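Engineer: This is the structure I want to talk about, given as structure tokens.
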């Protein structure tokens with residue numbers, strides 16, 4: 002079992018309530034780079050700066066990018082759990098992203 006899981010288990014046994022920590026793990030560096038492309042990072046930063054976007058059209062206009070490309074990026078970021086959709090509105094699922102790269106991994 003993972004160290005984080007065991008630590009959380011022991012805290013729960015002691016009755017310690019901690020806010021959930023959401024983690025996203027990628028199977029490969031390529032999967033990470035695909036998910037966090039420069040265009041998608043710009044999209045996430047725009048949502049962080051401006052707040053929720055009322056629609057993909059509004060977000061595409063703000064980013065000065067084609068609707069279809071922004072739609073595809075929102076779908077991929079939503080599937081990864083990085084943005085949330087509530088009707089047409091798009092919001093950030095997290096305000097901070099950290100990356101850890103294990104150089105010793107096979």
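Residue numbers (our numbering): 2 to 107. No residue lacks a Cβ here, since even glycine has one placed at the ideal position from N, Cα and C. Keep in mind the model is a prediction, meaning the values are calculated, not measured.
#1: What residue range does the alpha helix (DSSP H) around residue 90 cover?
#2: Helix or strand or just coil, what does DSSP make of residue 59?
#3: So, under 8 Å CB-CB, residue 76 and residue 36 are touching, yes? Tell me the CB distance rounded to an integer number of Å.
#4: Just list the residues that DSSP pairs residue 84 with in beta bridges.
#5: Any idea what DSSP makes of residue 50, helix, strand or coil?
#6: How many whole angstroms separate the CB atoms of residue 41 and residue 74, which I take to be in contact at a CB cut-off of 8 Å?
#7: If you drop the 5 nearest sequence neighbours on each side, which residues of the same chain put their C-beta closer than 7 Å to that of residue 98?
#8: Mapping the DSSP letters down to three states, classify residue 98 as helix, strand or coil.
#9: What do you reckon, are the CB atoms on residue 48 and residue 84 nearer than 8 Å?
Structural biologist: Concretely, from the data shown:
#1: Residue 90 -> not in any alpha helix (DSSP H); beta strand (DSSP E) instead, spanning 90-93.
#2: helix
#3: No, residue 76 and residue 36 are not in contact; Cβ-Cβ is about 12 Å, not under 8 Å.
#4: 93
#5: helix
#6: 5 Å
#7: none
#8: coil
#9: yes
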